Each structure stands twice: as structure tokens, then as C-alpha cells.
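Inspection log for the structure reproduced underneath, given as C-alpha cells.
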Amino acid sequence: MINKFTAFFNRILKVLINWFIIKPLRLIYLFRHKELYVHKSYFPELADKRKSSVRIFFEQIGNIFKYNCYDLFYFPYGCDVKTKKECKKYINYQFFNIKRDSLNFSDKVNCACILRDKILFNIFANGIGISTPKNVLYVSNGKLYDFETKQEVFANQLVQYSGNALFCKLVDGECGKGVFKLEYENGKFYIDGVEHPVDEVYQKLTSGRYLAQEVIHQHALMASLHPQSVNSMRIVTVKSVKDGIIRVWPSIFRMGTGNSVVDNTSQGGVYTGIDFTTGKLKETGFYKPQFGLKTDRHPDSGIIFKEFEIPYLKEVQEQAIYFHSMLPGLQSVGWDIAIGEKGPVFIEGNDNWEINGPQICNGGLKDLFEEQMYK
């Protein structure tokens, strides 16, 4: 009786918080941030269908009342030029995140820790025959360790890694934050191409829980897009709640731009959809709103997306499904996969993958979500 009362009370409390705290705060935020309803269209070719800023504003209010949040990806989804029926094909970002997490953490046995720790990820992946970047150095409690010698490394010993470019990232980092490329040439250390004295390099490495890996020697075709970064795919696999079969969902391909050493869209990269039927990229590439709109070719290499064929794509799909099958308790995973000289290289897996990229590049996924993830 007490448990039923507690559950009822919690439901009432949640409703009150949503209506009297969350929704009003979201409305205030919407009023103060004009870019949520006044923004350049990603689809200027459909200017005759463009909605007025007033209508967009009220549609965003509708999102707040329905989902407790405005639509962060209203413009990249093209909702400013699409009908109400077309917009309904997109699953709301906030609602999806809640559902994704509830499914990924509903089982008593859960392997999310393997994905969230890059060292555990590499150890597990290699144990089941999945290729990953080679681990070189590990930082813990301000100390640097060599994976091969299993000994501590000091500042004056960093020169021994000359000739091997290292990709350094926080063990639990996300979205490319804290990532940098370390190189040693002609007696000098370089971080992302900028010279630094060895003491500063050592201090930077030991400033957090870092993992240094050998830079992936990517397939020549992949490098042709943007050689400064390792260009990768975000392959989504979902274990259907209906039949338990793991399938590959519409996914995206990411490329770095400019002088960036990472391909993350949050760092200015461009991303496009993958046509699994033809093995090629889709026609249009997108930027996150703060970096631009869209393009049909890479801004630096000039390669036209729809003409680019992805090497080893079949193996990528097969290995992603296999890897997922070895992780009980996880209903969906977003895999970051590069293509090395000999095939797929798994960089990391994400239980907290985001739906916005796949929807922007491939169209609304609400029907697929309701078919395979909703119960």
C-alpha cells in the first residue's frame, strides 16, 4: 500500500515539476534565444515553403508543451519548410534520449562500463577479435605508464616515442573534447602542429586521465577526404524489442575540416548519411548549426559525397552487429569506426549515442523507433 502511494505521489510530483518549473523555464529560454525560431534555412531551395518566424515560434512552444523542450534540431531537420505531417516523422531528441537510456539500463546485466572507459573498450574488443587503435600510454593519478613495458614514463623519456604520432584523449571524454595529436620531429614536440617544450607536453598529458594511442593509418580512400583527421562512421546498431535481432540503423559518416585533427561534428566537422545499398555516401553533408549549413562536397578536398564509395562497408556492418551481440543488456549502441589499411578499426562505442545526426542525414526515424525500440 505504501509503495503504491509513493509511486502515485512521485507521478504527481513529476507532473507538477514539469508544468510549473521545467516548461516555464523552457519558455523563458525560448523567448531569450531568437536563434531557436529565427535562423537561416538549411533548405533555401524550398524558400517558397518557408514558414514565418511567428509560426516557427509557436511550433517551438508546442514542442515545449509536448516534450518539455524546444526542438534543438528544428532547422537541420528542415521543419521550417516541411508540413506538420512530415515533421511528425522525426522523433524528438529529448524524448528519444530518455527512452534510449531506459532501454539500455533496464537489464540487470549491463556492459555500458566497457563502452564508457576507452581502456576497457580496447581490452574487451581485442579479446573478441575486433581491431582497435594500439594503446601506447596511460595516465592515472598524474603518472604516465607505458602499456608495453608496464613501467612509469617520465618527461625526459618521452623522446623514445619519436617517429610515432600519438592520438591523446581523455579516457572518459566525449565529442572530441580534450583530444590532441602529439608528434615529435627534429628534436621538437608538437601538439596539434604547434611546438611545445617537453615539460609542457608532460604536464598536459598528466593533467587528466589520458590514453595515448598510435594514430590510425587510415585507408587511402578515407584519407583522401581530409588527411589531417581520421574520418570515421557512426554506425548505429539496435536490438529490436520485438524479435531480439540486432540490425544496423541509418547511420552517418563524419569528416574533419580545415586544420582539425578530429572529425567530430561538435568540433566543426561535416557529416552525411550512408547509403548501405550502394555503399556510397549520400548527396548532402551537414554542419552543426554553429559551424554552417550544408554542402554537397568536402570543403577542403572538394570530393563530391555521392560519388564516394566507402571501403569495407560490409565488414563494418557485420563486425558492429557481432560486437553488439557480445554486450548483454545494451539495446542500442553508436559505434565510431574508422577504416584502416586492412579493414575496420573500432575507435569506441557509445550507449548514449544521439539520434539527431542520423535523422538530419537520413530523414525522420520515428517509425523505425516505434517498430524496434518502443515498448
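Going by this note's numbering, the sequence shown opens with residue 3, and the numbers climb by one from there.
A virtual CB, placed ideally from N, CA and C, is assigned to each residue, including glycine.
None of these values were measured; they are calculated from a predicted model.
{"Asked": "Measure the alpha-carbon distance for serine 253 versus asparagine 137 and round it to whole angstroms.", "Found": "27 Å"}
{"Asked": "Residues in the same chain with beta-carbon distance under 7 Å from asparagine 124, minus the five sequence neighbours each way, listed in chain order, please.", "Found": "Thr134, Asn137"}
{"Asked": "Please classify isoleucine 247: is it buried, with 16 or more other beta-carbons within 10 angstroms of its beta-carbon, or exposed?", "Found": "exposed"}
{"Asked": "Just curious, the beta strand (DSSP E) that serine 55 is in, first and last residue?", "Found": "From DSSP, serine 55 is part of no beta strand (DSSP E) but of the alpha helix (DSSP H) over 55-69."}
{"Asked": "In this structure, does DSSP put threonine 286 in helix, strand or coil?", "Found": "strand"}
{"Asked": "Compute the distance between the beta-carbons of valine 83 and serine 54, then report whether it is under 8 Å.", "Found": "no"}
{"Asked": "Of the choices Lys51, Glu61, Pro78, whose alpha-carbon is the least far from that of histidine 41?", "Found": "Pro78"}
{"Asked": "In the DSSP assignment, find the unbroken beta strand (DSSP E) run with phenylalanine 191 in it and report its ends.", "Found": "190-193"}
{"Asked": "In the structure shown, what three-state DSSP assignment does isoleucine 24 receive?", "Found": "helix"}
{"Asked": "Can you list, in chain order, the residues of its chain whose CB lies under 8 Å from that of leucine 168, leaving out five sequence neighbours each side?", "Found": "Val138, Leu139, Lys183, Leu184, Glu185, Ala214, Gln215, Glu216, Val217"}
{"Asked": "Where does threonine 267 sit, in a helix, a strand or coil, going by DSSP?", "Found": "helix"}
{"Asked": "Do aspartate 298 and glutamate 285 have their C-beta atoms within less than 8 Å of each other?", "Found": "yes"}
{"Asked": "Can we say the stretch 316-325 touches the stretch 98-109, given the rule of at least three CB pairs closer than 8 Å?", "Found": "no"}
{"Asked": "When you compare the CB positions of glycine 210 and leucine 160, do they come within less than 8 Å of one another, or not?", "Found": "no"}
{"Asked": "Hey, which unbroken runs of the alpha helix (DSSP H) at 4 residues or more fall wholly within the stretch 71-141?", "Found": "86-89, 95-106, 114-118, 120-129"}
{"Asked": "Determine whether the beta carbon atoms of valine 141 and tyrosine 212 lie at a separation below 8 Å.", "Found": "yes"}
{"Asked": "Cα-Cα, which of Val272, Gln333, Phe75 is closest to lysine 110?", "Found": "Gln333"}
{"Asked": "For the alpha helix (DSSP H) holding valine 196, just list the boundary residues, first then last.", "Found": "Premise fails: valine 196 lies in the beta strand (DSSP E), 196-198, not in any alpha helix (DSSP H)."}
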